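So for the sequence shown, this note's numbering puts the first residue at 5; every next one is plus one.
Glycine included, every Cβ here is placed at the ideal spot set by N, Cα and C.
Note that the structure is a prediction, hence the values are computed from the model and not measured.
Each remark here refers to the structure printed beneath this line.
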Amino acid sequence: MADEQEIRQLELLCKQLYESQDTAIRADAEKALVVFQDGPDALTKCQVLLDRGDSCYAQLLAATTLTKLVSRSAQGLSLQQRVDIRNYVLNYLATRPKLPNFVVQALVTLFARITKLGWFDTHKEDFVFRNVVSDISKFLQVKWFFNFGETRFEILHCR
């Protein structure tokens, strides 16, 4: 598991990147986060950042980093790792209904990227990334829409 101090440092760097008014601090934070994204243990640390859920900026970093890892053809994530990431993302979205919209958007982008890049991947003659609707419905039971004037409310009931 990733070192607690390293995770706290990543959360601090995310906060500096997105909240600091000082351009030098933001630039330094960005450089450090790029090093993190290219590191060999980025996958593990991203899961820890998401599991902790202490910082929405750290959650955003984890989602965008995972999207980059999945997108790199040279990275070589195995089929099982990509399936695990996809299932983790769906479960994460289903069990955390109060995520900020920008984090939800980043996680949905990750799910879409995994699905798109794995569309032709098979395991035991099964196209594992083509069952999008059934995969999503495993995590969501009901979706209701209410329209009040010009405002649309969406309620998801998660398992």
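Residue i and residue j closer than 7 Å at C-beta
| i | j | result |
| --- | --- | --- |
| residue 31 | residue 21 | no |
| residue 114 | residue 46 | no |
| residue 76 | residue 122 | no |
| residue 164 | residue 64 | Because the chain is modelled from 5 through 163, residue 164 falls outside the range shown and cannot be assessed. |
| residue 60 | residue 104 | yes |
| residue 119 | residue 133 | yes |
| residue 125 | residue 94 | no |
| residue 8 | residue 62 | no |
DSSP three-state assignment for residue i, whether helix, strand or coil
| i | result |
| --- | --- |
| residue 131 | strand |
| residue 32 | helix |
| residue 139 | helix |
| residue 117 | helix |
| residue 72 | helix |
Through-space distance from residue j to residue i, alpha-carbon basis
| i | j | result |
| --- | --- | --- |
| residue 99 | residue 39 | 30 Å |
| residue 135 | residue 52 | 27 Å |
| residue 57 | residue 50 | 11 Å |
| residue 90 | residue 26 | 37 Å |
Residue i burial status per 10 Å Cβ neighbour count (16 or more: buried)
| i | result |
| --- | --- |
| residue 81 | buried |
| residue 140 | exposed |
| residue 138 | exposed |
| residue 128 | exposed |
If we count Cβ pairs, one from each stretch, closer than 8 Å, do we get three or more for the stretch 67 to 78 versus the stretch 12 to 26?
Judged by Cβ distances under 8 Å, the stretch 67 to 78 makes no contact with the stretch 12 to 26, as fewer than three pairs qualify.
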